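**Q**
Residue numbers (this note's numbering), protein chains in the order written: chain C, 1 to 355; chain G, 1001 to 1507.
#1: By alpha-carbon positions, which one of G:1221, G:1372, G:1399 ends up nearest to residue 1425 (chain G)?
#2: Hey, how far is the Cα of residue 1446 (chain G) from the Cα of residue 1292 (chain G)?
#3: Taking Cβ-Cβ distances shorter than 8 angstroms, what residues in chain G pair up with residue 211 (chain C)?
#4: Taking the Cβ atom as the reference point for each residue, do residue 1337 (chain G) and residue 1306 (chain G) lie within a distance shorter than 8 angstroms?
#5: Are the stretch 203 to 212 of chain C and the stretch 275 to 282 of chain C touching, with three or more C-beta to C-beta distances below 8 angstroms?
#6: With the cut-off set at 8 angstroms, would you say residue 154 (chain C) and residue 265 (chain C) are in Cβ contact?
#7: Taking the alpha carbon of residue 101 (chain C) as the reference point, which residue from C:307, C:178, C:293, C:239 has its own alpha carbon closest?
#8: Check whether the Cβ of residue 232 (chain C) lies closer than 8 angstroms to any Cβ atom in chain G.
#9: Can you tell me the Cβ-Cβ gap for residue 1358 (chain G) and residue 223 (chain C), rounded? I've got them flagged as a contact below 8 angstroms.
#10: If you follow the alpha helix (DSSP H) that residue 1089 (chain G) is part of, which residue opens it and which one closes it?
#11: Inspect the CB distances between the stretch 1472 to 1487 of chain G and the stretch 1286 to 1303 of chain G and report whether three or more fall short of 8 angstroms.
#12: Between the beta-carbon of residue 286 (chain C) and the beta-carbon of residue 76 (chain C), is there less than 8 angstroms?
#13: Does residue 216 (chain C) have its Cβ less than 8 angstroms from a Cβ in chain G?
#14: Is any heavy atom in the ligand SAM found nearer than 7 angstroms to the beta carbon of residue 332 (chain C)?
#15: Counting C-beta neighbours from all protein chains within 10 Å, is the total for residue 305 (chain C) 16 or more, i.e. buried, or is it exposed?
#16: In angstroms, rounded to a whole number, what distance separates the CA positions of residue 297 (chain C) and residue 201 (chain C)?
#17: Report, in whole angstroms, the separation of the C-beta atoms of residue 1273 (chain G) and residue 1323 (chain G), which I expect to be a contact under 8 angstroms.
#18: Run through chain C and tell me which residues come within less than 8 angstroms of residue 1344 (chain G), C-beta to C-beta.
#19: Going by DSSP, what residues sit across from residue 1273 (chain G) in a beta bridge?
#20: Once DSSP output is grouped into helix, strand and coil, what is the label at residue 1111 (chain G)?
#21: Helix, strand or coil for residue 1217 (chain G)? Go by DSSP, reduced to three states.
#22: Beta-carbon of residue 219 (chain C) versus every beta-carbon of chain G: anything under 8 angstroms?
#23: In chain C, which residues lie with their C-beta within 7 angstroms of the C-beta of residue 1405 (chain G)?
#24: Which residue or residues does DSSP assign as beta-bridge partners of residue 1228 (chain G)?
#25: Nearest by alpha-carbon distance to residue 270 (chain C): which of C:204, C:237, C:61, C:21 is it?
#26: Hey, is residue 1369 (chain G)'s beta-carbon within less than 8 angstroms of any beta-carbon in chain C?
#27: Look at the alpha carbon of residue 261 (chain C) and the alpha carbon of residue 93 (chain C), and state the distance between them as a whole number of angstroms.
#28: Among C:43, C:73, C:52, which residue has its Cα nearest to the Cα of residue 299 (chain C)?
#29: Enumerated in chain order, which unbroken segments of the beta strand (DSSP E) with a length of 3 residues or greater are wholly contained in the stretch 302 to 334 of chain C?
#30: Give the straight-line distance between the Cα atoms of residue 68 (chain C) and residue 183 (chain C), rounded to the nearest whole angstrom.
#31: How would you label residue 1069 (chain G), buried or exposed, when you count the other beta carbons within 10 angstroms and need 16 or more for buried?
#32: Mapping the DSSP letters down to three states, classify residue 1501 (chain G) as helix, strand or coil.
#33: Counting only C-beta atoms, is residue 1315 (chain G) closer than 8 angstroms to chain C at any point?
#34: Would you grab the beta carbon distance between residue 46 (chain C) and residue 194 (chain C) for me? Rounded to a whole angstrom, and I think it's under 8 angstroms.
#35: From the DSSP secondary-structure annotation, give me the bridge partner or partners of residue 1222 (chain G).
#36: So, helix, strand or coil for residue 1374 (chain G), using DSSP?
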C-alpha cells in the first residue's frame, strides 16, 4: 500500500485535488491582469495598512466569500438557496433601522454625530443575525418539512425578502453614520477587517463540518438521502442546520455590505449576489446535485468571481456591460473546470473510440 | 415446418454480462403468432435484461434474434418499434397533461395545410382505441383524468399504433391495477392475440399466468430453466422451477446449522404483536430469538420487504406493537432501531444501501456514527481501524479503505453495507436479499456469515427469493403470501411443504 502511495503524490494527486481547478482559474485571471494591467499587483503601505488592487479583490470579495461558505453546505445537501441576497438586505435593513430609526417616522434624518447610535452595536449585530437566522428557518420549513423543491422554496423569500426589507425601513434608504459599524466593511488592521470576519466564519465552519460528523452527514444526504435515512441520519436536522447556517452567513454578509456602502438600501444590497455565490460554489467543484464539497475551493471560487469583476473594471469595461462580459468569462471558466463537463468530454472521447 | 412458420420471434443463445454479474447465460426464447407467452422468474432472474436486449436498450454479448425468419440487430427502442416490437412498461411513460389523442399520436399527428388536423387526430385516436382495444372513452380529455388502467390502455394503443406491432411486450402491466382493471386488460390481450399479435407478458402473479398464457418461459439466475405449456405444468411445479429446488446438498452448512440451533435462547428478543400497516402488510405476530436465523419465504410482492421495513421502523405501523427486550418500542425510525440494536441491510443496494461517492471507510462507519450523533466524531484512526477490521473480516476486495465505494463490484458493495451494519454491533440483524446479484462464491460466504453471527448470539432475519438459500440458512421459516403471514415452520422442513405454502395450494 505504501508503494502505491508514493507515485500517487505526483501530478495526478495534484490535479485531482478539489482546489486544483479553481486555483488554475484564479491564476489565469491574475496572469491576464499581470500582463494587461500595469500596477495591478502593486501593494501600498498606508499607515501600516496594506492597499492595492489585489487586496481589493479580497476585500470586495468578502461578501461573496461569506455567502459561498453557507451556500456550499446547502448545495452539498443537494439543495440551493436563492434567498441569500434578499436575506442580506433584510439583515442590513434591520441593522440600519436600529442605528438610525428616523426612517420609521417617515423622515430622512441625517445623524451628524459619527458616534451616535439608537441601539448599542452588539444589539444591532445580534438582532440582524437573528433576523437572518429566521430567514434561514423559514427556508427549512419549506424545504425539509413541507418538501417543496429548494429552488422554488427559496425563490419565495428571494422575491418577498426585498419587500420585507422595505417594510422594515419604511421604504426609505437608511443612512448609516455610526462609525464603529462602518469598521465592519471599511476598517483595516493591516488587512481589511472583513477578511478577518471571513477567516473566522471559514474556520468555524471548517471545524463544524470536518471535526464533527456533520460534514460527512451533509455529503451523505446529498449523495443518497435514502441510504442516509436507512443508516439513521436525520435528513431534516441536517437541512435545518445548513439552511439556517446559510441564512446566518448571509446575515453577516449583509452587515459587511451595508457597512461598506454606509446605507441600508433594501433594493440594492446583495442584488444578484446569490447567483455569484452559487457560481463560486460551482467553480469550487461542488456538484449542484449535492455530495462532496470543499469550503476552501468555494472560497477560491468566490475570489475567481471577484477577480473577474475587478479585472473588467480595471481594463475599462463600463459597469453596464460588466454583467454580459462576466457571463462570458464565467461560462468559459465553468466549461473548463466543472466536473460535469469534464465527465461529458470524457464521454465524448470514449464514444469516439467506440465508433 | 409448420411449427417454425408459426414462430414470429426466435431468440437464440443470448448472453449478456454486466460488470461483476452474468445477467443472461445462453438464454433462448421463441414466440409464436397469436400467442401469449409468460416470462416468469424472481428478481434478478434476467427477465428485464432479456427484454432490454430484445428492444435494443442493451446489446447482447452473443446470441441471435430472428424476427420473421430474418436476423435483426435492434439498436434502440425506437428501432425495435419500427420493426414491430412494442413495449408497455410497468410505469406509464406518457404525458398526463396532454389529451388521450395527443398521447396516442404524439410525433405522428395527421396534418392539414401545415397544421395539425385536430378533428382527424381525435377521430383516429378514438378509432384506434375502440377498434383495437374496444375501449370507448373521450379522447379529448386529459390523460391524467383517467384511471391507471385506462392510461395503461392508452399506452398499449400508442405502442400498437406507432408501427403495426406484431410483438407486444407487457412488463408487469398489472402491478398497479385493481381486479376489475386487470380483467379489462386481459380482455384486450385476448383480443390482440386473436388478431395474431405475439404477446410477451411479464408478471409476478402466478394466478394471472395461468389465466392468460399459452406457454411459460422460466428464467432463474440468468439461465433458462425451460419453456412449458401452461396446461401441462402445475402451480407447484412452476414455483419450484422459479425459485430453484435442486436437492439440497447436505453440506457443511447443514452441520453448522444443527450445531448452532443448540444456542437459540428461549425467551424472545424481539416480539412483533399484531404488527401491521394498511396497504403494506396485514397484522402479524413474529418472535425473534437470540442465536436464531428466521427465514422469510414468499414470492416477490408477498410482503417480505414490507415486513423487514416495518420491523426496522422505516415505516410506522398503524396497528400492533414491537416489544424489544421487554420494552414496548415507541420510536419507530431507523435511528431509533439502530440505537436499540436492530439493523436492516436493505433490499435495494443502490437506492437505499451504498452512498456511492463516499469512501469505503465512510460507508462502513456511517450508521455507527449516526447512532453516536453529530459531535462524538470517531477519530480518523478509529475510522481506519474499524474499516480495516471489516475489510479483512468480510474479505472486501478494495485497493484501500479510501476507495469510493462506487468503484467496487456489486458483491463487494454488498459486503460494505453488511460491514456498516455489523459495525453498529446489532442484536437483531435483518438481511433483505443480501445475496442478490452476487456470484455463487460470495453467496456461500454470506450465508455462512449469517449462521456464525447467529451463533454469536444475534437474532437474524434472512430474506431471499431463493428458497434453497432460505432453507439452508434458517432455523425457522416464515411464509408470506399476498402481504400476509400464512405459515411458520420450525426445524427441518422439506421444500415441497414450503412451496405449497407459498403457492397457497393443498399438498
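Ideal placement from N, C-alpha and C gives every residue a C-beta, glycine not left out. Note that the coordinates shown come from a computational prediction; the quantities given were computed from them, not determined experimentally.
**A** Result, derived from the coordinates:
#1: Sequence index remark: in the second chain, residue 1425 (chain G) carries index 425 (1-based). With distances taken between Cα atoms, residue 1425 (chain G) lies closest to G:1372.
#2: Within the second chain, residue 1446 (chain G) is the residue found at index 446, counting from 1. Within the second chain, residue 1292 (chain G) is the residue found at index 292, counting from 1. Going by the C-alpha atoms only, they are around 16 angstroms apart.
#3: Indexing the first chain from 1 puts residue 211 (chain C) at position 211. Correct list: 1377.
#4: The residue you call residue 1337 (chain G) lines up with position 337 of the second chain. The residue you call residue 1306 (chain G) lines up with position 306 of the second chain. No.
#5: Touching, no.
#6: On the first chain, residue 154 (chain C) is found 154 positions in, with the first residue counted as 1. On the first chain, residue 265 (chain C) is found 265 positions in, with the first residue counted as 1. Against a cut-off of 8 angstroms, the Cβ pair of residue 265 (chain C) and residue 154 (chain C) comes out as no contact.
#7: Numbered from its first residue, the first chain carries residue 101 (chain C) at position 101. Cα-wise, what sits closest to residue 101 (chain C) is C:178.
#8: For the purposes of this step, residue 232 (chain C) is taken as the residue at position 232 of the first chain. Chain G contact via Cβ: present.
#9: Here residue 1358 (chain G) refers to the residue found at position 358 when the second chain is read from its first residue. Here residue 223 (chain C) refers to the residue found at position 223 when the first chain is read from its first residue. Contact holds; Cβ gap of about 7 angstroms.
#10: Translated into positions along the second chain, residue 1089 (chain G) becomes position 89. Premise fails: residue 1089 (chain G) is in no alpha helix (DSSP H) and is neither H nor E.
#11: At 8 angstroms Cβ cutoff, the stretches touch.
#12: Position 286 of the first chain, counted from the first residue, corresponds to residue 286 (chain C). Position 76 of the first chain, counted from the first residue, corresponds to residue 76 (chain C). Against a cut-off of 8 angstroms, the Cβ pair of residue 76 (chain C) and residue 286 (chain C) comes out as a contact.
#13: One-based indexing of the first chain puts residue 216 (chain C) at position 216. Interface residue, yes.
#14: The ligand content of the structure shown is nil, which means the ligand SAM is not present either.
#15: Position 305 of the first chain, counted from the start, is the residue given in the question as residue 305 (chain C). Flag for residue 305 (chain C) reads buried.
#16: By one-based count along the first chain, residue 297 (chain C) stands at place 297. By one-based count along the first chain, residue 201 (chain C) stands at place 201. Each residue's alpha carbon lies about 15 angstroms from the other.
#17: Locating residue 1273 (chain G) in the second chain gives position 273, where the first residue counts as 1. Locating residue 1323 (chain G) in the second chain gives position 323, where the first residue counts as 1. Going by Cβ atoms, the distance from residue 1273 (chain G) to residue 1323 (chain G) rounds to 7 angstroms, so yes, they are a contact pair.
#18: As a position in the second chain, residue 1344 (chain G) is number 344, starting the count at 1. Those are 230, listed as they occur along chain C.
#19: By 1-based counting over the second chain, the position of residue 1273 (chain G) is 273. In the DSSP output, where bridge partners are listed per residue, residue 1273 (chain G) has G:1321.
#20: To locate residue 1111 (chain G), count along the second chain from 1; it is residue 111. Residue 1111 (chain G) falls in the strand class under three-state DSSP.
#21: Taking the second chain and counting its residues from 1, the one referred to as residue 1217 (chain G) is at position 217. Here residue 1217 (chain G) sits in strand by DSSP.
#22: By one-based count along the first chain, residue 219 (chain C) stands at place 219. It does: the Cβ of residue 219 (chain C) has a partner Cβ on chain G nearer than 8 angstroms.
#23: Here residue 1405 (chain G) refers to the residue found at position 405 of the second chain. By Cβ distance, chain C contributes nothing, its closest Cβ being about 10 angstroms from residue 1405 (chain G), past 7 angstroms.
#24: As a working mapping, residue 1228 (chain G) is identified with position 228 in the second chain. DSSP, once it has assigned bridges, lists G:1216 as partnering residue 1228 (chain G).
#25: Position 270 of the first chain, counting from 1, holds the residue named residue 270 (chain C). Answer by Cα proximity: C:61.
#26: As a working note, residue 1369 (chain G) is residue 369 in the second chain. Residue 1369 (chain G) counts as touching chain C.
#27: Translated into the one-based positions of the first chain, residue 261 (chain C) becomes position 261. Translated into the one-based positions of the first chain, residue 93 (chain C) becomes position 93. Their backbone Cα atoms lie some 13 angstroms apart in a straight line.
#28: As a first step, residue 299 (chain C) must be located in the first chain, where it is residue number 299. Nearest to residue 299 (chain C) by C-alpha distance, out of C:43, C:73, C:52, is C:73.
#29: Those beta strand (DSSP E) runs which fall completely within the stretch 302 to 334 of chain C and span 3+ residues do not exist here.
#30: Working through the first chain from its first residue, we reach residue 68 (chain C) at position 68. Working through the first chain from its first residue, we reach residue 183 (chain C) at position 183. Taking the straight line from one Cα to the other gives about 22 angstroms.
#31: As a first step, residue 1069 (chain G) must be located in the second chain, where it is residue number 69. Under a 10 Å Cβ-count criterion, residue 1069 (chain G) is classified as exposed, with fewer than 16 other Cβ atoms of the shown protein chains found around its own Cβ.
#32: By 1-based counting over the second chain, the position of residue 1501 (chain G) is 501. Looking at residue 1501 (chain G) - three-state DSSP - the assignment turns out to be helix.
#33: On the second chain, position 315 is the one that residue 1315 (chain G) refers to. So, not an interface residue.
#34: On the first chain, residue 46 (chain C) is found 46 positions in, with the first residue counted as 1. On the first chain, residue 194 (chain C) is found 194 positions in, with the first residue counted as 1. In fact, because the Cβ distance is near 17 angstroms, the residues do not count as touching under 8 angstroms.
#35: What you label residue 1222 (chain G) is simply residue 222 of the second chain in a count that begins at 1. According to DSSP, residue 1222 (chain G) bridges with nothing at all.
#36: Counting from 1 along the second chain, the entry for residue 1374 (chain G) is found at position 374. Of the three classes helix, strand and coil, the one that applies to residue 1374 (chain G) here is coil, per DSSP.
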